[in-house]
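Everything below concerns the one structure shown next.
Numbering (this note's numbering), first residue to last: 112 to 349.
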């Protein structure tokens, strides 16, 4: 089997799983509730597309981080909770290819979730009749949001590693809830540019990052990926 065959198998497994569709159902409520809340909390006529999307996407940042982490943890963790990891390892394919295929599927699923949440947010604003629509405005905000989403996806790799070490997806979810709370503390103390899980929000707000933030972010992502490959390469699968 080559990498494309494994990738195809992973895609089929995920699309056939109820969790795949449940994630999109659950994460439709976030943009809807946040979008409606933003508009209702503002005086009529005082909010336009730029104000709405800026506040909405800032609020979606923490929600997206939880979603991306859940997806990454579930793709690996389900193999242990469903006790299918031995069947997976019995296939005539290297462990590195298994890990790579799963990481690619996680990336595709997370990007699709980001597009989905942004689209839901646009739909809410359109239904409620916001003013100030501009193709350039929407494109610029969309581009910044997608880059931010990719940065958040990068820092979910430690959760992927933890899902393998703990042989499940509950530990990464517990960790990310603690991180979300801790992120608020770090941001309030002025350390947002130096804490991996708040750096993407810094980019969303400013549109740029300092070199130190980029190094911290990249190091966190690489550490999670290398740890995951190493675990599958050297750890004994029970």
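For every residue, glycine included, the Cβ atom is placed at its ideal position computed from N, Cα and C.
- Considering only 180, 325, 149, 172, the residue with the shortest C-alpha distance to residue 134 is 180.
- Restricting attention to 306, 219, 189, the CA atom closest to the CA of residue 328 is found in 306.
- Per the coordinates, the alpha-carbon of residue 165 lies some 22 Å from the alpha-carbon of residue 296.
- According to DSSP, residue pairing for residue 242 in a beta bridge involves 159.
- Sorting 193, 157, 138, 174 by C-alpha distance to the C-alpha of residue 128 places 193 at the top.
- Three or more beta-carbon pairs separated by less than 8 Å are not found between the segment 242 to 262 and the segment 210 to 217, which leaves the two stretches without contact.
- Within its own chain, the residues whose Cβ lies closer than 6 Å to the Cβ of residue 146, once the five positions on either side in sequence are excluded, are 167, 232, 235, listed in chain order.
- Here the alpha carbon of residue 214 sits roughly 25 Å from the alpha carbon of residue 320.
- Between residue 178 and the set 331, 261, 246, the nearest pair of CA atoms involves 261.
- Residue 280 carries a coil assignment under DSSP once its states are collapsed to helix, strand and coil.
- Apart from the 5 residues on each side of it in sequence, residue 310 sits with its Cβ closer than 6 Å to the Cβ of 324, 328 in its chain, given in chain order.
- Secondary structure of residue 247 (DSSP, three-state): helix.
- The beta carbons of residue 239 and residue 161 sit no closer together than 8 Å.
- Rounded to the nearest whole angstrom, the CA to CA distance from residue 126 to residue 157 is 42 Å.
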